[in-house]
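Chains as they are written, first to last, in this note's numbering: chain A, 67 to 232; chain B, 17 to 141.
Just so it is clear, CB atoms sit at the ideal spot from N, CA and C, and this is done for glycine as well.
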């Protein structure tokens with residue numbers, strides 16, 4: 067009977083673990099989606115001076131977009147705070163999908179303009195168009211995961227975003 | 017006889033565990049479905065610089081097809097390039113959940129909210 071009891075506990079633990087794993091996957095999906103939308107919004111920070119000189123925005127094949135790097139980074143931070151419901155020190159508010167009281171850590175934001183291409187981003191992805199690379203660490207606490215932070219590394223470019231929409 | 021009882025208890029544990037697993041994960045799969053549909057229409061709003069009535073009805077219908085009810089959509093129908101906007105979708109979903117160890121079910125209504133701030137990014141006129 068002890069063995070049966072132990073087996074029952076193991077089975078229940080297994081299915082609870084599966085629920086936890088699915089919960090983590092769904093959280094990661096929602097998080098990544100919010101981060102991507104926040105980064106894409108930074109593509110509005112066009113460097114107008116360079117744009118007037120060089121941009122060929124009407125040509126789909128050679129669409130050169132030069133971003134104002136400082137403004138783009140500020141826009142990303144502003145939208146991350148809004149979309150992830152973070153306060154000024156990047157800690158989650160009550161309404162946030164992040165349920166930990168530690169701050170979200172922005173490890174890296176890199177803006178790649180056309181004059182710096184081609185190159186390779188820190189996540190080893192080739193960069194061939196105007197892109198933004200972001201590396202965040204988001205605090206998590208899932209029962210069956212020892213990780214304290216979920217690492218999010220994404221390379222986002224406007225053209226891929228535009229063509230991904232069906 | 018003892019072996020039969022043990023076997024029966026193990027099967028019961030497996031079935032109960034399976035029910036917990038399915039009921040425990042169904043809301044998450046529904047959440048993902050909800051997010052994917054809303055995300056697609058958010059992208060449309062960003063790229064087309066607004067979400068017109070036809071697209072709003074399509075969004076509502078797609079969610080209804082997945083079992084969602086009382087769908088409310090807040091999205092601008094016209095935007096300028098680079099203009100910031102809020103996109104919000106709220107819907108409810110009825111789920112059957114096990115009430116107690118007797119296996120009795122009850123219907124619970126869960127409310128799903130998809131809310132994002134973004135900018136219009138479409139490059140075509």
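Inset, instruction - Helix, strand or coil for residue 178 of chain A, going by three-state DSSP, please let me know. - result: For this step, residue 178 of chain A is matched to residue 112 along the first chain. Of the three classes helix, strand and coil, the one that applies to residue 178 of chain A here is strand, per DSSP.
Legend entry - C-alpha distance - residue 27 of chain B paired with residue 208 of chain A, whole-angstrom precision: If you number the second chain from 1, residue 27 of chain B lands on position 11. If you number the first chain from 1, residue 208 of chain A lands on position 142. The alpha-carbon of residue 27 of chain B is positioned some 29 Å away from that of residue 208 of chain A.
Inset, instruction - Identify the continuous beta strand (DSSP E) that holds residue 143 of chain B and give its terminal residues. - result: Chain B is shown only over 17 to 141; residue 143 of chain B falls outside these bounds and no answer can be derived.
Inset, instruction - Please look up how many angstroms separate the CB atoms of residue 77 of chain A and residue 30 of chain B, rounded, as I've assumed it's under 8 Å. - result: For this step, residue 77 of chain A is matched to residue 11 along the first chain. For this step, residue 30 of chain B is matched to residue 14 along the second chain. With 8 Å as the limit, residue 77 of chain A and residue 30 of chain B qualify as a contact, their Cβ atoms being about 6 Å apart.
Inset, instruction - May I ask you to report which of helix, strand or coil DSSP gives residue 85 of chain B? - result: For the purposes of this step, residue 85 of chain B is identified with residue 69 of the second chain, where counting begins at 1. Here residue 85 of chain B sits in strand by DSSP.
Legend entry - Straight-line Cα distance separating residue 212 of chain A from residue 229 of chain A: In the first chain, residue 229 of chain A corresponds to position 163, counting from 1. In the first chain, residue 212 of chain A corresponds to position 146, counting from 1. Whole-angstrom Cα-Cα distance: 37 Å.
Legend entry - Alpha carbon of residue 86 of chain B to alpha carbon of residue 145 of chain A, nearest angstrom: Start at 1 with the first residue of the second chain, and residue 86 of chain B comes out as number 70. Start at 1 with the first residue of the first chain, and residue 145 of chain A comes out as number 79. Cα-Cα distance, rounded: 28 Å.
Inset, instruction - Say whether the region 131-138 of chain A touches the region 88-104 of chain B, bearing in mind that this needs 3 or more beta-carbon pairs closer than 8 Å, one atom from each stretch. - result: Taking 8 Å as the limit for Cβ pairs, the verdict is that the region 88-104 of chain B does not touch the region 131-138 of chain A.
Inset, instruction - Can you have a look at residue 69 of chain A and say buried or exposed, based on whether 16 or more other CB atoms are within 10 angstroms of its CB? - result: Residue mapping note: residue 69 of chain A aligns to position 3 of the first chain, counting from 1. It counts as exposed.
Inset, instruction - State the start and end residues of the unbroken beta strand (DSSP E) segment that holds residue 197 of chain A. - result: Here residue 197 of chain A is taken as the residue at index 131 of the first chain, counted from 1. Taken as a continuous stretch (DSSP letters only), the beta strand (DSSP E) holding residue 197 of chain A covers 197-205.
Legend entry - Interface residues of the region 71-84 of chain A facing chain B [CB-CB below 8 Å]: Flagged, chain order: 73, 74, 77, 78, 80, 81, 82 and 84.
Legend entry - Touch test, the region 41-52 of chain B against the region 79-96 of chain A, Cβ-Cβ under 8 Å, three pairs minimum: Contact holds between the region 41-52 of chain B and the region 79-96 of chain A, because three or more Cβ pairs, one in each stretch, are under 8 Å apart.
Inset, instruction - Return the chain-ordered list of same chain residues with a C-beta closer than 6 Å to the C-beta of residue 104 of chain B, the five sequence neighbours on each side being excluded. - result: The sequence position of residue 104 of chain B within the second chain is 88, counting from 1. Excluding residues within five positions, the ones whose Cβ falls inside 6 Å are 90 and 131.
Inset, instruction - Mark residue 223 of chain A as exposed unless 16 or more other C-beta atoms lie within 10 angstroms of its C-beta, in which case mark it buried. - result: Counted from its first residue, the first chain places residue 223 of chain A at position 157. Using a 10 angstroms sphere on the CB of residue 223 of chain A, the tally of other CB atoms reaches 16 or more, which defines it as buried.
Legend entry - Residue of A:201, A:105, A:87 and A:179 minimising C-alpha distance to residue 116 of chain A: As a position in the first chain, residue 116 of chain A is number 50, starting the count at 1. Of the candidates A:201, A:105, A:87 and A:179, the one whose C-alpha sits nearest the C-alpha of residue 116 of chain A is A:179.
Inset, instruction - Could you check which residue in B:65, B:58 and B:53 has the C-alpha nearest to that of residue 99 of chain B? - result: Locating residue 99 of chain B in the second chain gives position 83, where the first residue counts as 1. Here the closest residue by C-alpha is B:65.
Legend entry - Any chain A beta carbon closer than 7 Å to residue 135 of chain B: The residue you call residue 135 of chain B lines up with position 119 of the second chain. Residue contact with chain A for residue 135 of chain B: present (Cβ-Cβ distance below 7 Å to some residue of chain A).
Legend entry - Separation of residue 201 of chain A from residue 189 of chain A, as counted between CA atoms: On the first chain, position 123 is the one that residue 189 of chain A refers to. On the first chain, position 135 is the one that residue 201 of chain A refers to. Roughly 9 Å separates the two Cα atoms.
Legend entry - CB contact check: residue 171 of chain A to chain B, cutoff 7 Å: For the purposes of this step, residue 171 of chain A is taken as residue 105 along the first chain, with counting starting at 1. Answer no: the Cβ-Cβ gap between residue 171 of chain A and chain B never drops below 7 Å.
Legend entry - Opposing strand residues paired with residue 192 of chain A [DSSP bridges]: Taking the first residue of the first chain as 1, we reach residue 192 of chain A at position 126. Answer is A:186.
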